[in-house]
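Peer 1:
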Amino acid sequence: MRIETRQTANRLGLDDDLLDRVFAARGITEPAQLERGLANLLSPADLPEIDQAAQRLADAIIQDQKILIVGDFDADGATSVALCLLALRAMGARHVDFLVPNRFDYGYGLSLEIVQLAAGMSPRVIVTVDNGVASVDGVALANELGIDVVVTDHHLPGDVLPDAFALVNPNVVNSRFGSKAMAGVGVAYYLLSWVRQALRQRQHFVSRGIDEPNMAQYLDLVALGTVADVVPLDHNNRILVHQGLLRIQRGLTRPGIAALARVGKRDLTTLSSADMGFALGPRLNAAGRLQDISVGIRCLVTDDPAEAGRLAAELDSLNQTRREIEQGMVADAEMILTQITPDPDEMGISVYHESFHQGVVGIVAGRLREKFHRPAIVFADASGGSDELKGSARSIDGLNIRDLLDSIATKRPGMLLKFGGHAMAAGLSIKRVHLPRFQKAFDKAVREAVTPDMLDEVLLTDGELAKEALNLQTVAKLANAGPWGNGFAEPTFEGEFTLVNQRVVGQDHLKLVLAMQDQLIDGIAFRQPPLDDQPERVRVVYRPALNDYGGRQTLQLMVEYIEAMS
104 MRIETRQTAN RLGLDDDLLD RVFAARGITE PAQLERGLAN LLSPADLPEI DQAAQRLADA
164 IIQDQKILIV GDFDADGATS VALCLLALRA MGARHVDFLV PNRFDYGYGL SLEIVQLAAG
224 MSPRVIVTVD NGVASVDGVA LANELGIDVV VTDHHLPGDV LPDAFALVNP NVVNSRFGSK
284 AMAGVGVAYY LLSWVRQALR QRQHFVSRGI DEPNMAQYLD LVALGTVADV VPLDHNNRIL
344 VHQGLLRIQR GLTRPGIAAL ARVGKRDLTT LSSADMGFAL GPRLNAAGRL QDISVGIRCL
404 VTDDPAEAGR LAAELDSLNQ TRREIEQGMV ADAEMILTQI TPDPDEMGIS VYHESFHQGV
464 VGIVAGRLRE KFHRPAIVFA DASGGSDELK GSARSIDGLN IRDLLDSIAT KRPGMLLKFG
524 GHAMAAGLSI KRVHLPRFQK AFDKAVREAV TPDMLDEVLL TDGELAKEAL NLQTVAKLAN
584 AGPWGNGFAE PTFEGEFTLV NQRVVGQDHL KLVLAMQDQL IDGIAFRQPP LDDQPERVRV
644 VYRPALNDYG GRQTLQLMVE YIEAMS
């Protein structure tokens, strides 16, 4: 572990010195990049094939054709489906439904099996959300069946694109759209905004006597899906998330989001992007990982607060089960590593066990990546007693895991049955018999792709905070300057403190009392064992936060790293 201070060559000239250096260290070069009003959003016009897609959906609405939304089984997919259902119905769509594949029976995306299932619902148009760019065969079958497919996706495309009626994806080749970082729900939101414009131009709302929907009312869903999918918070995404958070904090949100906040013990009036990422998103994801994401979709769509509360409680229970499974899998995976990978120089971690649950392999891969700072893949048995393994991969900074899998597939044809994803996360399927060969191939590919500095974990901070800045005013200032998240990291600071007290709380969290001069400050370090020999002085990397336990607001340091000082 190496601790470094974020460096910047220039400052912005802001009135506030702390925010000036924080923003400058995140690549902000001019104050205009900090504007968070909706007027600063990129235009939908530059998204590939958005007009073809919007016109086809406008036709379907006007002609009362059935529209079927096919989503992914995670929080991005759930919010995308909910957004489409609500917005299209508000625009006058009388026949719109959704279908989300059960990950255990059908796998990911618009597969042949899902198209056959969808055909039984007699849609004229299928709209994929958060999937579809890799569904070449599925789209071809839909075309044969006379079903138009509008693909909305944000995943990286392969060499062959599906022959869809329209393919709206900011990441396809030659896309002129200024953001490559939108989540699936962001792409869907942009398309729906263009559908509204197409309907407006055709006088649809006037002729039907329908109030034209205000698209801003759906930004709570866009914010939740964007944060939960951990896409980079570039300027455009920060606007979407900020505006969604504002609506939530003002109480202008879906009953389901309010219910998810309650079961997650989060206050709507102060809800942050971190709350969405660590409390709301995981509860939505738990449904898709263990059961059926339609529970989460129904929670987001319902207008009945009582039903939303019941469904949120069900999601909360699923999330607790998911955490218990995850904890067991992490322990098993670490034990497997000690048994089959005694070489500490192994570069690529890939593990499998027959007890692993395919719904949480991605979470476990992330935990292993964090613990060993190596790219990690965790495999579980596919459903139905087949001889396939399904894996989820998580990468380290600087290593594009999707491209790495592509290189393995190219060099070893037939080893990977299918794969896809992002630079930092991907999914794949292999035959069980190929696992030992794949593990060696993965480790070799990682060795060839990484450099030593990439494997040396670096913890970046924003330097030290003076004692006078360790207060709730600083917490509020930083919170209001967000939203923070992937690609726009929440400010972290480092400092030297006197360790007054440490004790373990929960199962493996460390509660701290620290002192800077005469000021005592509480701290909490998650998944951190106690320091040996109760050192007098410690070096801490932390985020200042608000603790309102018992209704009393106090400063608390969220400790990301702690070490004894010699």
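For our numbering, count along the sequence shown from 1 and bump the result up by 103.
Ideal Cβ positions, reconstructed from N, Cα and C, are used throughout, including at glycine.
Need the endpoints of the alpha helix (DSSP H) that residue 384 sits in, please.
Peer 2: Position 281 of the sequence shown, counting from 1, holds the residue named residue 384. Segment 384-393, the alpha helix (DSSP H) holding residue 384.
Peer 1: Determine the contact status of residue 202 and residue 241, defining contact as a CB-CB distance below 8 Å.
Peer 2: Position 99 of the sequence shown, counted from the start, is the residue given in the question as residue 202. Position 138 of the sequence shown, counted from the start, is the residue given in the question as residue 241. Cβ distance not < 8 Å, so residue 202 and residue 241 don't count as in contact.
Peer 1: Relative to the alpha-carbon of residue 456, which residue among 470, 187, 306, 483 has its alpha-carbon at the smallest distance?
Peer 2: Your numbering for residue 456 matches position 353 in the sequence shown. With distances taken between Cα atoms, residue 456 lies closest to 483.
Peer 1: Assuming residue 275 and residue 255 make a contact with CB atoms under 8 Å, what is their CB distance in whole Å?
Peer 2: The residue labelled residue 275 in the question sits at position 172 within the sequence shown. The residue labelled residue 255 in the question sits at position 152 within the sequence shown. Going by Cβ atoms, the distance from residue 275 to residue 255 rounds to 12 Å, so no, they are not a contact pair.
Peer 1: Entirely within the region 402-483 and at least 3 residues each: give me those beta strand (DSSP E) ranges in chain order.
Peer 2: 452-455
Peer 1: Going straight from the alpha carbon of residue 302 to that of residue 218, what length do you get?
Peer 2: The count along the sequence shown starts at 1 and reaches residue 302 at position 199. The count along the sequence shown starts at 1 and reaches residue 218 at position 115. Near 28 Å, if we compare the C-alpha coordinates of residue 218 and residue 302.
Peer 1: In angstroms, rounded to a whole number, what distance separates the CA positions of residue 535 and residue 662?
Peer 2: Within the sequence shown, residue 535 is the residue found at index 432, counting from 1. Within the sequence shown, residue 662 is the residue found at index 559, counting from 1. The C-alpha of residue 662 is placed about 41 Å away from the C-alpha of residue 535.
Peer 1: Which one of 513, 573, 360, 477 has the shortest CA to CA distance from residue 528?
Peer 2: Looking up residue 528 in the sequence shown gives position 425. Cα-wise, what sits closest to residue 528 is 477.
Peer 1: Which residues in the same chain have their Cβ closer than 6 Å to the Cβ of residue 173, if we skip the five residues on either side of it in sequence?
Peer 2: Mapped onto the sequence shown, residue 173 falls at position 70. Cβ neighbours of residue 173 beyond the five flanking positions: 202, 213, 229, 231.
Peer 1: Hey, could you find the ends of the alpha helix (DSSP H) residue 542 is sitting in?
Peer 2: As a first step, residue 542 is located in the sequence shown; it is residue number 439 there, counting from the start. Element bounds for residue 542: 538-552.
Peer 1: Could I get the ranges of all uninterrupted beta strand (DSSP E) runs contained in the region 264-311, with 3 residues as the minimum, in chain order?
Peer 2: 269-271
Peer 1: Near residue 472, which residues of its chain fall below 8 Å by C-beta distance, leaving aside the five closest residues on each side in sequence?
Peer 2: Here residue 472 refers to the residue found at position 369 of the sequence shown. Same-chain partners within the cutoff: 452, 478, 479, 497, 498, 499.
Peer 1: Pick helix, strand or coil for residue 200, following the three-state DSSP scheme.
Peer 2: For this step, residue 200 is matched to residue 97 along the sequence shown. Reduced to three states, the DSSP call for residue 200 is strand.
Peer 1: Only counting the same chain, and skipping five residues up and downstream in sequence, which positions put a Cβ closer than 6 Å to that of residue 332?
Peer 2: Indexing the sequence shown from 1 puts residue 332 at position 229. Contacts found: 179, 286.
Peer 1: Given that a residue counts as buried once 16 or more other Cβ atoms are within 10 Å of its Cβ, and exposed if not, what is residue 317?
Peer 2: Stepping through the sequence shown from its first residue, residue 317 is reached at position 214. Its Cβ having fewer than 16 others within 10 Å, residue 317 is exposed.
Peer 1: At which residues does the alpha helix (DSSP H) containing residue 610 begin and terminate?
Peer 2: What you label residue 610 is simply residue 507 of the sequence shown in a count that begins at 1. Segment: none, residue 610 is in no alpha helix (DSSP H) and carries neither H nor E.
Peer 1: Going by CA-CA distance only, name the one from 594, 621, 635 that's closest to residue 613.
Peer 2: Counting from 1 along the sequence shown, the entry for residue 613 is found at position 510. It is 635 whose Cα lies nearest to the Cα of residue 613.
Peer 1: What residue does the beta strand (DSSP E) around residue 647 start on, and which one ends it?
Peer 2: For the purposes of this step, residue 647 is taken as residue 544 along the sequence shown, with counting starting at 1. 640-650 is the extent of the beta strand (DSSP E) around residue 647.
Peer 1: Would you report the Cα separation of residue 639 and residue 501, rounded to the nearest angstrom?
Peer 2: Taking the first residue of the sequence shown as position 1, residue 639 is located at position 536. Taking the first residue of the sequence shown as position 1, residue 501 is located at position 398. Roughly 37 Å separates the two Cα atoms.
Peer 1: Is it right to say residue 373 is buried, meaning 16 or more other beta carbons lie within 10 angstroms of its own, or is it exposed?
Peer 2: For this step, residue 373 is matched to residue 270 along the sequence shown. Residue 373 should be labelled exposed.
Peer 1: DSSP state of residue 631, grouped into three classes?
Peer 2: Translated into positions along the sequence shown, residue 631 becomes position 528. Looking at residue 631 - three-state DSSP - the assignment turns out to be coil, as it is neither helix nor strand.
Peer 1: Using a 10 Å radius around the Cβ and a threshold of 16 neighbouring Cβ atoms, would you call residue 288 buried or exposed?
Peer 2: Sequence index remark: in the sequence shown, residue 288 carries index 185 (1-based). Buried: at least 16 other Cβ atoms inside 10 Å.
Peer 1: I want to know whether the region 355-373 touches the region 146-162 - three or more CB-CB distances under 8 Å.
Peer 2: Judged by Cβ distances under 8 Å, the region 355-373 makes no contact with the region 146-162, as fewer than three pairs qualify.
Peer 1: Secondary structure at residue 152, three-state DSSP: helix, strand or coil?
Peer 2: Translated into the one-based positions of the sequence shown, residue 152 becomes position 49. Looking at residue 152 - three-state DSSP - the assignment turns out to be coil, as it is neither helix nor strand.
Peer 1: Any chance the region 322-330 sits against the region 179-198, with 3 or more Cβ pairs inside 8 Å?
Peer 2: yes
Peer 1: Assuming contact is defined by CB atoms lying nearer than 8 Å, are residue 312 and residue 362 in contact in what I supplied?
Peer 2: Numbered from its first residue, the sequence shown carries residue 312 at position 209. Numbered from its first residue, the sequence shown carries residue 362 at position 259. Contact annotation: residue 312 and residue 362 have beta-carbon atoms that are not nearer than 8 Å.
Peer 1: Ordered along the chain, which non-local residues of its own chain (more than five positions away) have a Cβ less than 7 Å from that of residue 392?
Peer 2: Here residue 392 refers to the residue found at position 289 of the sequence shown. So the qualifying residues of the chain are 425, 462, 463.
Peer 1: Where do the ends of the beta strand (DSSP E) carrying residue 532 lie?
Peer 2: The residue labelled residue 532 in the question sits at position 429 within the sequence shown. Segment 528-534, the beta strand (DSSP E) holding residue 532.
Peer 1: Is it right to say residue 432 is buried, meaning 16 or more other beta carbons lie within 10 angstroms of its own, or is it exposed?
Peer 2: In the sequence shown, residue 432 corresponds to position 329, counting from 1. By the 10 Å Cβ count, residue 432 comes out buried.
Peer 1: Residue 666 lies in the beta strand (DSSP E); which residues open and close that run?
Peer 2: The residue labelled residue 666 in the question sits at position 563 within the sequence shown. Run containing residue 666: 657-667, per the beta strand (DSSP E) assignment.
Peer 1: Please state the DSSP three-state secondary structure of residue 575.
Peer 2: Along the sequence shown, one-based indexing puts residue 575 at 472. DSSP, reduced to helix, strand and coil, places residue 575 within a helical segment of the structure shown.
Peer 1: Using a Cβ-Cβ cutoff of less than 7 Å, which residues in the same chain neighbour residue 445 once the five nearest sequence positions on both sides are dropped?
Peer 2: Taking the first residue of the sequence shown as 1, we reach residue 445 at position 342. Low confidence applies here, because residue 445 scores a pLDDT of 41, under 50, leaving its location unreliable; read the following figure in that light. Contacts found: none.
Peer 1: When DSSP builds the beta bridges, which residues end up paired with residue 486?
Peer 2: Counted from its first residue, the sequence shown places residue 486 at position 383. Its beta-bridge partners do not exist; DSSP assigns none.
Peer 1: Specify, as a first and last residue, the run of the beta strand (DSSP E) that residue 254 falls within.
Peer 2: Residue numbering aside, residue 254 sits at position 151 when the sequence shown is read from its first letter. Counting along the chain, the beta strand (DSSP E) containing residue 254 begins and ends at 251-255.
Peer 1: For residue 336, which three-state DSSP category applies?
Peer 2: To locate residue 336, count along the sequence shown from 1; it is residue 233. Here residue 336 sits in coil by DSSP.
Peer 1: Compare the C-alpha of residue 249 against each of 266, 237, 260, 236 and name the closest.
Peer 2: Along the sequence shown, one-based indexing puts residue 249 at 146. Out of 266, 237, 260, 236, 266 has the C-alpha closest to the C-alpha of residue 249.
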